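K.L.:
Got a structure for you, questions after.
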Amino acid sequence: MNDEAVSTCGSCKQRHAWCETYIPITARFGYSRVMFDQADALLLARIQFAFTVSFHFIFPAFSIGLASYLAVLEGLWLKTGKPLYKDLFKYWLKIFAIAFAMGVVSGIVMSYQFGTNWSVFSDITGPILGPLMAYEVLTAFFLEAGFLGVMLFGMNRVGKGLHFFATIMVAVGTFISAFWILSVNSWMHTPVGWSVGQTGQLLPEASWLEIIFNPSFPYRLVHTVIAAYLTTAFVVGGVGAWHLLKDRTNSHARKMFSMAMWMAAIVAPIQIFAGDMHGLNTMEHQPQKVMAMEGHYQSHPYGAPLYLFGIPNDEEQRLDYAIGIPKLSSLILKHELDAPLAGLDTIPDADQPPVLPVFFAFRIMVGIGFAMLGIGAWSLFARYRKRLYDWPWLHRAALVMGPSGFVAVIAGWITTEVGRQPFTVYGVLRTAQSASPLDAPAVAASLIAFVLIYFAVFGAGTWYIVRLMSHSPHLGEKGVKRSETGPVRTAGITPGPTQNPGHDPDALPHDRKEAVDGV
Amino acid sequence: MAYNLDLTTVWAFIIAFAVFAYVVMDGFDLGIGILFPTFAVGPERDRAMNSIAPVWDGNETWLVLGGGGLFAAFPLAYALILPATYPLIIAMLLGLVFRGVAFEFRWRDPAHRRLWDAAFTGGSFVAAMAQGMTLGALLQGVTVAGRAYAGSWFDWFTPYTLLTGLGTVAGYALLGATWLVWKLDGESQHHARQLGKRAAWATFVLMGGVSLYNITLNAEYAERWLSAPEIYYAAPVPILTGLVALALLRALSVARHSKPFWLSIALFFLGMAGLGVTMWPYIVPPGITIWDAAAPEKSQIFMLVGTAIIMPIILGYTAWAYWVFRGKTEYEGYH
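And the structure:
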């Protein structure tokens, strides 16, 4: 494996200056025991990381956008004084509280998973990636967590202005968090400014700015943050559409649907453009990832086709049942019909990513992106015809598209991360040489525990969120609940609480009788 | 080993501070979780939980700083300790999952509130126990070959680590009970005071047991505590601990509000100091010192600049967030 690593270096010598200095780090410093003999543990560790990070990613993808949406709603409420915005703020705040809690607890798992399952990776990359992650904790996590309590529970204690400030700080915190963790992730795709120390660790050589703003980072940051905003917009739009289908005069549902559709119409085209830029950047720095995305096993000296469908066959190195449009891929990637495009036949087998997951995940992501664009355009047309709240088929489509952002985000994540294989740090450190020296049973046991507990706990949380979404937003919406016996502040505004003091309209019914009575 | 003040030493103190901040701040959250089954269903449980609902997330962030800081400043220690205590860390993380979601879920699902309350307690207990046992596993020594953990995946399970785990559970329960003495009033406060007394005695006994066990653990530890001139530096720690323990018992007996909590924190601080005397300068006993495990100077400086600027700001708004929710916890409905 290590000898291969040396020989494969020649294949990319023309592109990467650091190939000259490349040495099989792990071979020199006694890490070989984690390879081969522990292939099962390695595979299990990879499954575990993929599972926990995919689950985790769902929550920030939602809470980054939702935190900003809450800040906008509260800002509009303070500016216009309209109770409608306050109601919408409180409606989504309850959902945010649950989603954020799940993001926090699944995120802590990630911050330790590097050490538990990828200790060699941690030791080798720690001097470079450690500080970036430490900055994430210092500048983002504390900010979010410190102001979250005030945002959720402090409205009556600090006054409107300070409360709005707290909401903004939480929103800013989610963005700063995305900034740092995507910088870390991007460096793993496009590592720059490093040298190898005596201990085998990668040491920071260039300036920190150069490391933080590594070549793929600006593109990945823009593409991912917009993805989070779009994901939230479609959730909000889906919920709005759901309630419009039940009652198209509901002013709260109208407002959230309208805001979400503006986001879809404006941001979806920007996202497609940003994605294209990100793809071109990947083409420059990680060509084999783009080859896998495109299904290009063979080189095409006179214009490469854009494959719409096919079944990648890594064994035979060909795309079975391929359906393609001639020369379109060259046009998209090189802006020229006859431009030559290299294929995976120029990449040694040991350096190729598995094509199948990358190929399909990429198509799912792009397909959803264009479907989002379609919804946005449809809503613009409906708005132009003054029928935005009157076309049930638009609402049905928006409802179906509600969770689509999550699918797209996970698909995009699979595209980029599997496309980086077989490396953890692209071209520098192999995945097979990154794992902890653990026995397979230990990893298997923890993987089973994660799977069972995540599905149970986060399944319940998702169910509670959907329950909250199923209640239609209304006048005098209440915030986060904290007592069964507390004073009923909204008595007189809505009739419910006066008949049944202390009952939470958003909670699940206690028993069948209550459910049937419909209290 | 010289006590020269270099960057690595500074970072060792910063990490120690993060760990201490985590232990006392999430300590009282977890302690309330551990004591939760003894609270009456209804307002007593609701208020106990509400007293920490606005701050638990910030408190838990110190754990991320401890882990992230270790990864950044002492990557080798991070890469050795976590595989060595793998099942403990996984158990702790999963415990924190249950504990964290229970804060929201118990309100959303009254029909299953008992279940989420049990998850709150179970998660808190498992997390506390795992943290204590991890500390014990570290103190009893980690088998290292080259730059990798070389022991088996059950080395951490010994009578000693069971003792440190139980000691941590008792200590967190003490913090939780004294926090509630401060934040509650009436019958609930009286209840918390009774719990505090029991937790205090349990903490003293287990803390003493761990300290004595430490000395038998390895010859170097014994030398630290029992031979001159080291004993002159070390002796104030147990003496002060005894005085704080007496003051704490007294404060719990008379009608004090916040004093027992601060004395409990002082107790933890002295425990931490004792730990420092025992371990210094090793970060992964018996062989790896803080200098062996340290990140390169360039990484340390980059982080130190950020920490020096940002940490005071963090402490500022954290203090503000506590200040906003000062006083006795109310019987609140909605926010």
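Residue numbers (the working numbering), protein chains in the order written: chain A, 1 to 519; chain B, 1001 to 1335. Glycine included, C-beta positions come from ideal geometry on N, C-alpha and C. These figures come from a predicted structure and were not determined experimentally.
Assess contact between the region 1158–1172 of chain B and the region 1200–1212 of chain B, defined as three or more Cβ pairs (one per stretch) separated by less than 8 Å. Is contact present?
P.N.:
Cβ pair count under 8 Å is three or more, so yes.
K.L.:
Apply the 10 Å Cβ neighbour rule to residue 390 of chain A and answer buried if 16 or more other Cβ atoms are within range, or exposed otherwise.
P.N.:
Mapped onto the first sequence, residue 390 of chain A falls at position 390. The residue in question, residue 390 of chain A, is exposed, as its Cβ has fewer than 16 Cβ neighbours within 10 Å.
K.L.:
Go ahead and pull the three-state DSSP assignment for residue 77 of chain A.
P.N.:
Reading the first sequence from its first residue, position 77 is the one you call residue 77 of chain A. Correct three-state label for residue 77 of chain A: helix.
K.L.:
With 8 Å as the limit, tell me which residues of the region 1303–1318 of chain B have their beta carbon closer than that to any beta carbon of chain A; keep them in chain order.
P.N.:
The residues in question are 1303, 1306, 1307, 1310, 1311, 1314, 1317 and 1318.
K.L.:
Are any of the Cβ atoms in chain A nearer than 8 Å to that of residue 1285 of chain B?
P.N.:
As a first step, residue 1285 of chain B is located in the second sequence; it is residue number 285 there, counting from the start. Not closer than 8 Å to any Cβ of chain A, the Cβ of residue 1285 of chain B fails to qualify, so no.
K.L.:
Give me the DSSP bridge partner(s) of residue 195 of chain A.
P.N.:
In the first sequence, residue 195 of chain A corresponds to position 195, counting from 1. In the DSSP output, where bridge partners are listed per residue, residue 195 of chain A has A/203.
K.L.:
Is the CB of residue 1029 of chain B under 8 Å away from at least one CB in chain A?
P.N.:
If you number the second sequence from 1, residue 1029 of chain B lands on position 29. No - not a single Cβ of chain A is within 8 Å of the one on residue 1029 of chain B.
K.L.:
DSSP puts residue 423 of chain A in a beta bridge; with which residues?
P.N.:
Against the first sequence, residue 423 of chain A aligns to sequence position 423. A/430.
K.L.:
Would the beta-carbon of residue 212 of chain A fall within 8 Å of that of residue 183 of chain A?
P.N.:
Translated into the one-based positions of the first sequence, residue 212 of chain A becomes position 212. Translated into the one-based positions of the first sequence, residue 183 of chain A becomes position 183. Yes; because the gap between Cβ atoms is below 8 Å, this pair is in contact.
K.L.:
Tell me where the alpha helix (DSSP H) around residue 320 of chain A begins and ends.
P.N.:
Numbered from its first residue, the first sequence carries residue 320 of chain A at position 320. Residue 320 of chain A -> not in any alpha helix (DSSP H); beta strand (DSSP E) instead, spanning 318–325.
K.L.:
Just grab the DSSP bridge partners of residue 311 of chain A for me.
P.N.:
The residue given as residue 311 of chain A occupies position 311 in the first sequence. Bridge partners of residue 311 of chain A: A/320.
K.L.:
Apart from the five residues just before and just after residue 406 of chain A, which ones in its own chain have a Cβ nearer than 8 Å to its Cβ?
P.N.:
Numbered from its first residue, the first sequence carries residue 406 of chain A at position 406. Closer than 8 Å at the Cβ level, and outside the excluded window around residue 406 of chain A, lie 58, 61, 62 and 231.
K.L.:
Exposed or buried, residue 335 of chain A, counting other C-beta atoms within 10 Å across all chains shown (16 or more means buried)?
P.N.:
Here residue 335 of chain A refers to the residue found at position 335 when the first sequence is read from its first residue. Result: exposed.
K.L.:
Using the beta-carbon of each residue, which ones in chain B are nearer than 7 Å to residue 453 of chain A?
P.N.:
Position 453 of the first sequence, counting from 1, holds the residue named residue 453 of chain A. Those within 7 Å of residue 453 of chain A in chain B are 1094 and 1097.
K.L.:
Between residue 1068 of chain B and chain A, is the shortest Cβ-Cβ distance under 8 Å, so that the two count as touching?
P.N.:
The residue labelled residue 1068 of chain B in the question sits at position 68 within the second sequence. Closer than 8 Å to some Cβ of chain A, the Cβ of residue 1068 of chain B qualifies, so yes.
K.L.:
Below 8 Å, how does it come out for the region 1067–1083 of chain B and the region 1189–1199 of chain B: are there three or more Cβ pairs, yes or no?
P.N.:
No, the region 1067–1083 of chain B does not touch the region 1189–1199 of chain B.
K.L.:
Cutting at 8 Å between CB atoms, please list the residues of its own chain near residue 378 of chain A, excluding the five before and the five after it.
P.N.:
Your numbering for residue 378 of chain A matches position 378 in the first sequence. Excluding residues within five positions, the ones whose Cβ falls inside 8 Å are 394 and 397.
K.L.:
Could you tell me whether the Cβ atoms of residue 1123 of chain B and residue 1102 of chain B are closer together than 8 Å?
P.N.:
Indexing the second sequence from 1 puts residue 1123 of chain B at position 123. Indexing the second sequence from 1 puts residue 1102 of chain B at position 102. Yes, these two residues count as a Cβ contact at 8 Å.
K.L.:
Determine, using beta carbons only, whether residue 243 of chain A and residue 233 of chain A come nearer to each other than 8 Å.
P.N.:
Here residue 243 of chain A is taken as the residue at index 243 of the first sequence, counted from 1. Here residue 233 of chain A is taken as the residue at index 233 of the first sequence, counted from 1. No, these two residues do not count as a Cβ contact at 8 Å.
K.L.:
Taking only runs of the alpha helix (DSSP H) that begin and end inside the region 267–299 of chain A, which ones reach a length of at least 4 residues, in chain order?
P.N.:
The qualifying runs are 287–294.
K.L.:
Just to confirm, is the Cβ distance from residue 1052 of chain B to residue 1138 of chain B under 8 Å?
P.N.:
As a working note, residue 1052 of chain B is residue 52 in the second sequence. As a working note, residue 1138 of chain B is residue 138 in the second sequence. Not in contact: residue 1052 of chain B and residue 1138 of chain B (Cβ atoms no closer than 8 Å).
K.L.:
Please determine if the region 1036–1045 of chain B and the region 115–134 of chain A are in contact, where contact requires at least 3 C-beta pairs separated by less than 8 Å.
P.N.:
Taking 8 Å as the limit for Cβ pairs, the verdict is that the region 115–134 of chain A does not touch the region 1036–1045 of chain B.
K.L.:
For the region 475–483 of chain A against the region 82–95 of chain A, are there 3 or more C-beta pairs whose distance is under 8 Å?
P.N.:
Verdict: yes, contact present.
K.L.:
So which residues of chain B does residue 123 of chain A contact, with C-beta pairs closer than 7 Å?
P.N.:
Within the first sequence, residue 123 of chain A is the residue found at index 123, counting from 1. Within chain B, the residues near residue 123 of chain A are 1075, 1076, 1079 and 1147.
K.L.:
Helix or strand or just coil, what does DSSP make of residue 1052 of chain B?
P.N.:
By one-based count along the second sequence, residue 1052 of chain B stands at place 52. Here residue 1052 of chain B sits in coil by DSSP.
K.L.:
Within the 8 Å Cβ cut-off, does residue 53 of chain A reach chain B?
P.N.:
By 1-based counting over the first sequence, the position of residue 53 of chain A is 53. Not closer than 8 Å to any Cβ of chain B, the Cβ of residue 53 of chain A fails to qualify, so no.
K.L.:
Applying a beta-carbon distance threshold of less than 9 Å, which residues of chain B neighbour residue 154 of chain A?
P.N.:
The residue given as residue 154 of chain A occupies position 154 in the first sequence. Near residue 154 of chain A (Cβ distances below 9 Å), the residues of chain B are 1054, 1321, 1324, 1325 and 1335.
K.L.:
DSSP three-state call for residue 1215 of chain B: helix, strand or coil?
P.N.:
Stepping through the second sequence from its first residue, residue 1215 of chain B is reached at position 215. Correct three-state label for residue 1215 of chain B: helix.
K.L.:
To the nearest angstrom, report how far apart residue 1237 of chain B and residue 1269 of chain B are at their CA atoms.
P.N.:
Within the second sequence, residue 1237 of chain B is the residue found at index 237, counting from 1. Within the second sequence, residue 1269 of chain B is the residue found at index 269, counting from 1. Their backbone Cα atoms lie some 10 Å apart in a straight line.
K.L.:
Counting along the chain, where does the alpha helix (DSSP H) carrying residue 1160 of chain B start and finish?
P.N.:
The residue you call residue 1160 of chain B lines up with position 160 of the second sequence. Where residue 1160 of chain B is concerned, the enclosing alpha helix (DSSP H) stretches over 1159–1183.
K.L.:
Is it a yes or a no for the region 292–299 of chain A touching the region 317–327 of chain A, going by three-plus beta-carbon pairs under 8 Å?
P.N.:
Yes: at least three Cβ pairs fall under 8 Å.
K.L.:
Return no unless some Cβ of chain A is closer than 8 Å to the Cβ of residue 1169 of chain B.
P.N.:
Residue numbering aside, residue 1169 of chain B sits at position 169 when the second sequence is read from its first letter. No, because no Cβ of chain A sits closer than 8 Å to the Cβ of residue 1169 of chain B.
K.L.:
I'd like to confirm the pairing. Which residues does DSSP put opposite residue 1288 of chain B in its beta bridges?
P.N.:
As a position in the second sequence, residue 1288 of chain B is number 288, starting the count at 1. DSSP output for residue 1288 of chain B lists B/1284 as bridge partner(s).
K.L.:
Going along chain B, which residues have a C-beta under 8 Å from residue 204 of chain A?
P.N.:
Taking the first sequence and counting its residues from 1, one reaches residue 204 of chain A at position 204. Residues of chain B passing the Cβ test: 1296, 1298, 1299 and 1302.
K.L.:
Compare the C-beta of residue 437 of chain A with all C-beta atoms of chain B and state if any pair is closer than 8 Å.
P.N.:
As a position in the first sequence, residue 437 of chain A is number 437, starting the count at 1. Interface residue, yes.
K.L.:
Residues in its own chain within less than 8 Å of residue 269 of chain A by CB, not counting five upstream and five downstream?
P.N.:
In the first sequence, counting from the first residue as 1, residue 269 of chain A sits at position 269. Around residue 269 of chain A: 373 and 376.
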